[in-house]
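**Q** One structure, as structure tokens, below. Some questions next.
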Amino acid sequence: MPLFKILFLPDKKQVSISEKENLLQAARAAKIPLKASCAGAGVCRTCQVKVKKGTVRIEPDEHQDASIKQPDKAKEKSGLNKATTPYVLACQAFPLSDLTIEIPEATRLTKLQVLTYDSAENLKACPLSVSPSPHYYPVYLSLPPFSSTATKDKLSSLLVALKQKTSLVPTRVSLKALQSLAKILRPNDKDREITVFLTEDTGYPALSLEEIIPGHFKEKYYGLAVDLGTTTVVAELLELTKGISLAVKGIYNQQLLYGEDVISRLIYAQENENGLSYLQEAIVDTVNTLIKELTISNQISSSEIKAVVCAGNPTMTHLFLGLDPVDLRLKPYTVAAHNPPAVQAQEVGLEIYPQAAIKCVPGIANYLGGDVIAGIVASNMTEGDELTLFIDVGTNGEMVLGNKEWLIACSCSAGPAFEGSGLKYGVLAIPGAIDRFKITSTSTDLEVEYTTVDHLPPKGICGSGLISCLANLYRSGVIDRRGKFILAPDHPRLRILNGEKELVLVEDITISESEINNLIRAKAAIFAGIRSILQFLNLSLEVIDSLILAGGFGRYLNLKEAVAIGMLPDLPPQKYAYAGNIALKGAKMMLLSAEARKKTLEIAHKMIYLDLSEGNTFTEEFLAALFIPHTNLNLFPSLIKDKK
Amino acid sequence: MPVKIIRENWSGKVNTTSLGVEPKAIKIGGEGALPFLYFEGEIPYRPVVACEVWDEKPNDWPDLLTAPFAGVLGDPVAWAKKCLAYGADLICLRLAGAHPETKNKSPQECALVAQRVYAAINTPLIVVGCGEDAKDAAVLPAVAKALTGKYCLLGWATAENYQTITTACDIYGHSLIASSPLDISLAKQLNILITEMGFNPGSVIIDPLVGALGYGLEYAYSIMERIRLSALTGDKMLAMPIICFVGQETWKTKEATSTSLECPTWGEQARRAILWELLTAVTLTQAGGTIMVMRHPETVSHFLAHLLQGR
Chain C
5 MPLFKILFLP DKKQVSISEK ENLLQAARAA KIPLKASCAG AGVCRTCQVK VKKGTVRIEP
65 DEHQDASIKQ PDKAKEKSGL NKATTPYVLA CQAFPLSDLT IEIPEATRLT KLQVLTYDSA
125 ENLKACPLSV SPSPHYYPVY LSLPPFSSTA TKDKLSSLLV ALKQKTSLVP TRVSLKALQS
185 LAKILRPNDK DREITVFLTE DTGYPALSLE EIIPGHFKEK YYGLAVDLGT TTVVAELLEL
245 TKGISLAVKG IYNQQLLYGE DVISRLIYAQ ENENGLSYLQ EAIVDTVNTL IKELTISNQI
305 SSSEIKAVVC AGNPTMTHLF LGLDPVDLRL KPYTVAAHNP PAVQAQEVGL EIYPQAAIKC
365 VPGIANYLGG DVIAGIVASN MTEGDELTLF IDVGTNGEMV LGNKEWLIAC SCSAGPAFEG
425 SGLKYGVLAI PGAIDRFKIT STSTDLEVEY TTVDHLPPKG ICGSGLISCL ANLYRSGVID
485 RRGKFILAPD HPRLRILNGE KELVLVEDIT ISESEINNLI RAKAAIFAGI RSILQFLNLS
545 LEVIDSLILA GGFGRYLNLK EAVAIGMLPD LPPQKYAYAG NIALKGAKMM LLSAEARKKT
605 LEIAHKMIYL DLSEGNTFTE EFLAALFIPH TNLNLFPSLI KDKK
Chain W
188 MPVKIIRENW SGKVNTTSLG VEPKAIKIGG EGALPFLYFE GEIPYRPVVA CEVWDEKPND
248 WPDLLTAPFA GVLGDPVAWA KKCLAYGADL ICLRLAGAHP ETKNKSPQEC ALVAQRVYAA
308 INTPLIVVGC GEDAKDAAVL PAVAKALTGK YCLLGWATAE NYQTITTACD IYGHSLIASS
368 PLDISLAKQL NILITEMGFN PGSVIIDPLV GALGYGLEYA YSIMERIRLS ALTGDKMLAM
428 PIICFVGQET WKTKEATSTS LECPTWGEQA RRAILWELLT AVTLTQAGGT IMVMRHPETV
488 SHFLAHLLQG R
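As given, the protein sequences belong to chains C and W, one line each in that order. Per our numbering, residue 5 is the first one in the first sequence, and the count goes up by one each step. Per our numbering, residue 188 is the first one in the second sequence, and the count goes up by one each step.
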């Protein structure tokens, strides 16, 4: 099969692919991250590229624009649909010759605003322990002199000394440690000081003696706290003897090439040969990239990183460890492990110290994972009597309600709408994303004002912009409470595309009735989740003392608008706190503190998971919430007051 | 020792709606208690029966159902008079011929039929469209205008077409039927949308889309019961009387349409089908139905006998 050379501009990167591979795969091979929300299904239309030189074959597909497809009859007969405009969807275009492809800015996954926990507001910070106690830690031992009459071997003496000092007995001694032992403790050595490195595993009795080095270890060694997000991956580098944070870095999860939400990735893993290994490779590559950047900028060797804690949702944890995620989607939903034992770096392919211990934060259910548990640990909500509702809004909305006595959690599928997916002009919070609207109705038209991230020309609308859009459309009388357009049919901003009404917001950025419906469904799922937990306990909204908003929205979210559309409960603003990337903070706490690890496990054991797919409370709450703000308007007293 | 009767005290009340013109006006609603629990609260008016009259001869009615109307099918005026003779409290005119897939009658044609029927009977009139949202939105405003001042009940306003129909009913002074598919939230949402347009909540009648015996009757029952309980506990947006299209649902079941010959083990069709419609109607009044729209005259007389028996 002939190979074609594909040159990507402006990157000037060249790769060779066969006629059976599409341009999205070529970009992947060239390591140029493109947007591909639908994982190459040809649906989302985000991966448009420009063919500057050469010809491509377009996969005959009903999703393609007529203007792009338009095959003439003769070519159709020969099975070749040559593109007639230079713009093609990368995932549907296959080379017929060598190509020069230009990647427009809008198609590229661009610069990322990394969300850390520094952005937290109004949150009672959970203090970090003073002296670090990571799960990979050194113990200094001074062994008694060996006597030639005694039958004891070196290991036995070491174990006795270890037990005397720490009362710990390792369950395993690594071969590498044994090999060092053979070498370093000669019977006539005077110096019997050694340092052993132990790895403990949260939730398991395992205690592994990994490493033995001569002398009293006084060097620095490092650890990594990682937030394995579906969209972005953020890592924090820490020095472990003193527990000092050195740097935080975040990048897009390379798995975005295989779909923007967990479900499309799960499907990808299931339906493609080697799908799982591609996905694992992508996330491991992502973390490795972060490791490289962090170690270079801090001038340390990556082999000095010896402990890692990863907080991810169950899907991310599965894919990171290379566990077949099929059971997350298919009955009876029994997955391999909610609390996977610690693994070694070399087993997953992280380019750090090969025996470094990697621990994934335990989850409790298929859709409630370590990211949430880590957030709860860091949130301090399990310390006091006051009732806290923790809400992590993402593709899945996860909610945890409780205090020091009890915790109850649920997870509901909000869909990826607020992450910009599934909407023609939905984007992540990239520069140029509209994050705020102000829409006012005039007698003949609408006045649309907006702000964008970094004040760049508008590229699309991000989650907070979509919430703002919905709130404004309702307030200005463009849509009714069900999200249907109620403008006169001949309104200058209304047009009909493919039989559906859509509203022109800004230049060529539009929103259609079904997209509005998607948003309403997303916000309804979140509110219905909150109500379902409360109903399960027979509590009213008012009993909530504080609410913690975690995840991507954070401080970009306009609380008033989120309440106005009925996504979040109508409670006094001072009850709300923004946690930022609290999963990362939880991972860091687990990395530094044995106490936090113990607490994590306690929380995971204590937490009750409410499965919303059982029973019909959720469905009913969901239907009642498919309204702006809600069918029961009394749940939103401040809005009624505002109206009066 | 005397038995103390425990009474539930309700804070809310169902709206009272008046249809038609005096002296023949009919009042419905106003209940301050669950159906038939006269000792618990005020139940000022009894449920009423509307008989269905079509603008066109129906082609899918079984012989059992067309027989009582022999000679008048296809003539809505004569048909409506016949229904009154059979004891109906009011007439429900269905503009089946407006459907784009049948005769696709124009709004003006439909309005004329409605006007003629009303003029002939001078009895409170319900007019429903063909069930196609867009067409109903075109037809009903014309009907509303033609019946100005007659205080009719027009339907169906759905979540898709409520705006034009609400506006028309508001301008020409009619009540309207708000129809939503068997869900208490959807019913309430539509009522909110309609009343937020400035429409009087007292002129809205809920159509929860019921099911016949064996076809979701229990489901309809529980939705209606919950609507009524919400009204009695003070939810103004669910305090509307309920209309049940009993005949429409019954006469599409195989239990009502199969002849005695086709299903000999099911017993005689006449008895079976009428009982089917009657049981559906009786059950739904127990759940809180106020206007029962029925088809067979014999069902109507049995149903009225049942209603009046207790008083």
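Built from N, CA and C at the ideal position, the CB exists for glycine as well.
(1) Would you say residue 574 (chain C) faces chain D, with C-beta separation under 7 Å as the test?
(2) Consult DSSP for residue 263 (chain W) and reduce its assignment to one of helix, strand or coil.
(3) Kindly give me the distance between the Cβ atoms of residue 229 (chain C) and residue 313 (chain C), rounded to whole angstroms, as I take these residues to be in contact under 8 Å.
(4) Residue range of the beta strand (DSSP E) that residue 400 (chain C) falls in?
(5) Please list the residues of the segment 624-635 of chain C that have a C-beta atom closer than 8 Å to any C-beta atom in chain W, keeping them in chain order.
(6) Thinking C-beta only, is residue 562 (chain C) closer than 7 Å to residue 480 (chain C)?
(7) So what's residue 490 (chain C) in DSSP terms, helix, strand or just coil?
(8) Output the residue ranges of the beta strand (DSSP E) runs that lie fully inside the segment 243-301 of chain C and measure 3 residues or longer, sorted by chain position.
(9) Could you tell me if residue 179 (chain C) is buried or exposed, where buried requires 16 or more neighbouring beta carbons within 10 angstroms of its beta carbon?
(10) Exposed or buried, which one is residue 345 (chain C) when buried takes at least 16 other CB atoms within 10 Å?
(11) So which residues of chain C does residue 346 (chain W) contact, with C-beta pairs closer than 8 Å?
(12) Mind checking residue 410 (chain C): buried by the 16 CB within 10 Å criterion, or exposed?
(13) Considering residue 377 (chain C), what are the terminal residues of the alpha helix (DSSP H) in which it resides?
(14) Measuring straight from C-alpha to C-alpha, what distance separates residue 186 (chain C) and residue 161 (chain C)?
(15) Mind checking which residues open and close the alpha helix (DSSP H) that includes residue 250 (chain W)?
(16) Using 8 Å as the threshold, is the segment 209-222 of chain C in touch with the segment 284-302 of chain C, meaning 3 or more CB pairs across them?
(17) With a threshold of 7 Å between beta carbons, is residue 370 (chain W) in contact with chain C?
(18) Grab me the residues of residue 28 (chain C)'s own chain with a C-beta within less than 7 Å of its C-beta, minus the 5 sequence neighbours each way, in chain order.
(19) Counting only C-beta atoms, is residue 458 (chain C) closer than 7 Å to chain W at any point?
(20) What is the residue span of the alpha helix (DSSP H) that residue 626 (chain C) lies within?
(21) In or out: residue 359 (chain C) buried (at least 16 other Cβ within 10 Å) or exposed?
(22) Can the beta-carbon of residue 365 (chain W) be found closer than 7 Å to that of residue 391 (chain W)?
(23) If you measure beta-carbon to beta-carbon, which residues of the segment 412-428 of chain W are closer than 7 Å to chain C?
(24) Mind the definition here: the segment 248-255 of chain W touches the segment 194-214 of chain W only if three or more C-beta pairs lie below 8 Å; say whether that holds.
(25) For residue 327 (chain W), return the contacting residues in chain C, with the cut-off set at a CB-CB distance below 9 Å.
(26) Residue 379 (chain W) versus chain C: which residues are under 8 Å apart at the beta carbon?
(27) Classify residue 208 (chain W) as helix, strand or coil using the three-state DSSP reduction.
(28) Contact between the segment 331-348 of chain W and the segment 374-384 of chain W: three or more CB pairs below 8 Å?
(29) With a 10 Å radius around its C-beta and 16 neighbouring C-beta atoms as the bar for buried, classify residue 580 (chain C) as buried or exposed.
(30) Would you give the residue range spanned by the beta strand (DSSP E) that residue 29 (chain C) belongs to?
(31) Enumerate in chain order the residues of its own chain whose CB-to-CB distance from residue 513 (chain C) is below 8 Å, with the five nearest sequence positions on each side excluded.
(32) Of the residues W:453, W:314, W:260, which one's Cα is nearest the Cα of residue 430 (chain W)?
(33) Please go through the same chain and pick out, in chain order, the residues whose beta-carbon is closer than 7 Å to the beta-carbon of residue 257 (chain C), but skip the five residues on each side of it.
(34) Give the interface partners of residue 396 (chain W) over in chain C, defined as CB-CB distance under 8 Å, in chain order.
(35) Which term fits residue 77 (chain C), buried or exposed, when burial requires 16 or more other beta carbons within 10 angstroms of its beta carbon?
**A** Judging by the given coordinates:
(1) Among the protein chains of the structure shown, namely C and W, there is no chain D.
(2) helix
(3) 5 Å
(4) 400-406
(5) 624, 627, 628, 630, 631, 635
(6) no
(7) coil
(8) 248-256
(9) exposed
(10) exposed
(11) 486, 488
(12) exposed
(13) 374-383
(14) 13 Å
(15) 250-253
(16) no
(17) yes
(18) 38, 40, 44, 51, 94, 95
(19) no
(20) 621-629
(21) buried
(22) yes
(23) none
(24) no
(25) The premise fails here: residue 327 (chain W) is roughly 18 Å from chain C at the closest Cβ pair, so nothing lies under 9 Å.
(26) 485, 631, 635, 637
(27) coil
(28) yes
(29) buried
(30) Run containing residue 29 (chain C): none in the beta strand (DSSP E); it sits in the alpha helix (DSSP H), 27-33.
(31) 429, 438, 462, 464, 465
(32) W:314
(33) 233, 234, 235, 236, 237, 287, 290
(34) Result: empty, since nearest Cβ-Cβ is about 15 Å, beyond 8 Å.
(35) Reliability of the predicted coordinates at residue 77 (chain C) is poor, the pLDDT of 43 falling under 50, and the value obtained from them is presented with this limitation in mind. Classification for residue 77 (chain C): exposed.
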